[in-house]
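Here is the structure we will look at, set down as structure tokens.
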Amino acid sequence: MDKTVDSAAEAVADIRDGASLAVGGFGLSGVPNTLIRAVRDGGATALHVVSNNCGAMDSGLAVLLAAGRIARVTGSYLGNNHEFRRQYLAGELELELIPQGTLAERLRAGGVGIPAFYTPAGVGTQVAEGGLPWRHDGEGGVAVMSPRKEVRSFDGAEYVLERGIRCDFALVHAVRGDRHGNLVFAKSARNFNPLAAMAGRVTVAEVEELVEPGDLDPDHVHLPGIFVQRVVALSPWEAADKQIEIRTVRAVPAPREVRA
3 MDKTVDSAAE AVADIRDGAS LAVGGFGLSG VPNTLIRAVR DGGATALHVV SNNCGAMDSG
63 LAVLLAAGRI ARVTGSYLGN NHEFRRQYLA GELELELIPQ GTLAERLRAG GVGIPAFYTP
123 AGVGTQVAEG GLPWRHDGEG GVAVMSPRKE VRSFDGAEYV LERGIRCDFA LVHAVRGDRH
183 GNLVFAKSAR NFNPLAAMAG RVTVAEVEEL VEPGDLDPDH VHLPGIFVQR VVALSPWEAA
243 DKQIEIRTVR AVPAPREVRA
């Protein structure tokens, strides 16, 4: 039952060329940075990545992107990642862009064994009708377009069929976890991390604090250990490595004049 692994490098050592990865995080929140860097250092390439976005500020999946290791992305947000946009428009990688809620449900469905489901999101658009550019040809044209999806009517409303997602591996970040793989996510890091973890055939979790089995209140566990195969305890430095994508501060008001 002890699922701990000594290092991130050991935890991802069997990720090979062409593997599919479900990766947790949203922007820079809850991103498994240590595991992603270990994948980069391991040399795997032509990876198929499923994640909300593809990293930012040289963090997260941006390090794999910059190294030319990603062949295909399934996601819902390009963000301000200029290298992501450049590679996509140059035809260097394939992008399946889907609604964010649909991405979340496709991951969850894959994790619980649901092969497909119907959703109203995307009905009447290219999401359902096809024609979205998945891959450009590098010369201003489109090499691969999204296919048309099945649409059915239920109770007078139309719904589009979406497939559940299963990946070879999942990489996630948790604030606490025990040796059995039970995980707790902090605040907004509880966005795509549980869903990505469920979708992986082999799920690797990096945890800021490793505790013993029984130390976690069962009512506080966000993801049960049945979905997790490997746990890596982060060093204090790795756990503290958290960037801010857009720093916003409030102007300090001038002190008020105090009259006697």
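Numbering-wise, the sequence shown is residues 3 to 262 according to our numbering.
Ideal Cβ positions, reconstructed from N, Cα and C, are used throughout, including at glycine.
Remember, it's a predicted structure, so these values are computed and weren't measured experimentally.
- Query: How many angstroms separate the CA atom of G26 from the CA atom of P220?
  - Reply: Your numbering for residue 26 matches position 24 in the sequence shown. Your numbering for residue 220 matches position 218 in the sequence shown. When rounded, the distance between both Cα atoms is 22 Å.
- Query: Is the stretch 66-76 touching the stretch 88-96, taking contact as three or more C-beta pairs under 8 Å?
  - Reply: yes
- Item | Rounded C-alpha distance that separates I248 from F187 | To locate residue 248, count along the sequence shown from 1; it is residue 246. To locate residue 187, count along the sequence shown from 1; it is residue 185. Cα-Cα distance, rounded: 22 Å.
- Message: Taking only three categories from DSSP, how would you classify A198?
- Response: Along the sequence shown, read from residue 1 onward, the residue named residue 198 stands at position 196. Helix.
- the stretch 161-180 contacting the stretch 101-111, beta-carbon criterion three pairs below 8 Å: yes
- Flag this pair as yes or no: are the beta carbons of H80 and L49 separated by less than 8 Å? Sequence index remark: in the sequence shown, residue 80 carries index 78 (1-based). Sequence index remark: in the sequence shown, residue 49 carries index 47 (1-based). Note that residue 80 corresponds to Leu in the displayed sequence, not to His. In this structure, L49 does not lie closer than 8 Å to L80 by Cβ.
- Starting from F119, follow the beta strand (DSSP E) in both directions and report where the run begins and ends. Position 117 of the sequence shown, counted from the first residue, corresponds to residue 119. It spans A118 to T121 - the beta strand (DSSP E) in which F119 sits, taken as one unbroken run.
- Message: Just list the residues that DSSP pairs P135 with in beta bridges.
- Response: As a working mapping, residue 135 is identified with position 133 in the sequence shown. Beta-bridge pairing links P135 to M147.
- Task: With a cut-off of 8 Å on the beta carbons, I'd call L37 and E208 a contact; round off their distance for me.
- Result: Here residue 37 is taken as the residue at index 35 of the sequence shown, counted from 1. Here residue 208 is taken as the residue at index 206 of the sequence shown, counted from 1. Right, the Cβ-Cβ distance comes to about 5 Å (below 8 Å), so this counts as a contact.
- Item | Selected residue, minimal CA-CA separation from L212, among W239, A198, M200 and H182 | The residue given as residue 212 occupies position 210 in the sequence shown. With distances taken between CA atoms, L212 lies nearest to H182 out of W239, A198, M200 and H182.
- Using the Cα positions of H222 and V233, report the straight-line distance between them to the nearest angstrom. As a position in the sequence shown, residue 222 is number 220, starting the count at 1. As a position in the sequence shown, residue 233 is number 231, starting the count at 1. Taking C-alpha positions only, H222 is separated from V233 by approximately 18 Å.
- Message: Quick check: G29 and A191, are their CB atoms within less than 8 Å of each other?
- Response: As a working mapping, residue 29 is identified with position 27 in the sequence shown. As a working mapping, residue 191 is identified with position 189 in the sequence shown. No.
- Query: In angstroms, rounded to a whole number, what distance separates the CA positions of D16 and C169?
  - Reply: Taking the first residue of the sequence shown as 1, we reach residue 16 at position 14. Taking the first residue of the sequence shown as 1, we reach residue 169 at position 167. If you take the alpha carbons of D16 and C169, they lie about 14 Å apart.
- Query: Roughly how many angstroms lie between the CA atoms of S155 and N55, to the nearest whole one?
  - Reply: As a first step, residue 155 is located in the sequence shown; it is residue number 153 there, counting from the start. As a first step, residue 55 is located in the sequence shown; it is residue number 53 there, counting from the start. Rounded to whole angstroms, the separation of the alpha carbons of N55 and S155 is 31 Å.
- With P34 and H175 assumed to form a contact (beta carbons below 8 Å), what rounded beta-carbon distance in angstroms separates them? Within the sequence shown, the letter at position 32 stands for residue 34. Within the sequence shown, the letter at position 173 stands for residue 175. Yes, they are in contact, since the Cβ atoms of P34 and H175 sit about 4 Å apart, within 8 Å.
- Query: So is N71 buried or exposed if we call it buried at 16+ other beta carbons inside 10 Å?
  - Reply: Working through the sequence shown from its first residue, we reach residue 71 at position 69. In the sequence on display, residue 71 carries Arg and not Asn. Buried, because 16 or more other Cβ atoms sit within 10 Å of the Cβ of R71.
- Item | Helix, strand or coil at I248 [DSSP, three-state] | By one-based count along the sequence shown, residue 248 stands at place 246. In the structure shown, I248 sits in coil (DSSP, three-state: anything other than H, G, I, E or B).
- Item | Of the listed residues R178, E94 and D243, nearest to H138 (C-alpha basis) | Position 136 of the sequence shown, counting from 1, holds the residue named residue 138. The option with the nearest alpha carbon to H138 is E94.
- Item | W136 classed as buried or exposed, judged by whether at least 16 other C-beta atoms fall within 10 angstroms | Indexing the sequence shown from 1 puts residue 136 at position 134. Result: buried.
- On the DSSP bridge assignment, give the partners of H175 in chain order. Taking the sequence shown and counting its residues from 1, one reaches residue 175 at position 173. Answer by DSSP bridge pairing, in chain order: E208.
- Query: To which residues does DSSP link A159 through a beta bridge?
  - Reply: In the sequence shown, counting from the first residue as 1, residue 159 sits at position 157. The secondary-structure analysis by DSSP pairs A159 across a beta bridge with F156.
- Run through DSSP, which three-state label would D221 get? Within the sequence shown, numbered from 1, the residue matching residue 221 stands at position 219. Residue state, collapsed to three classes: helix.
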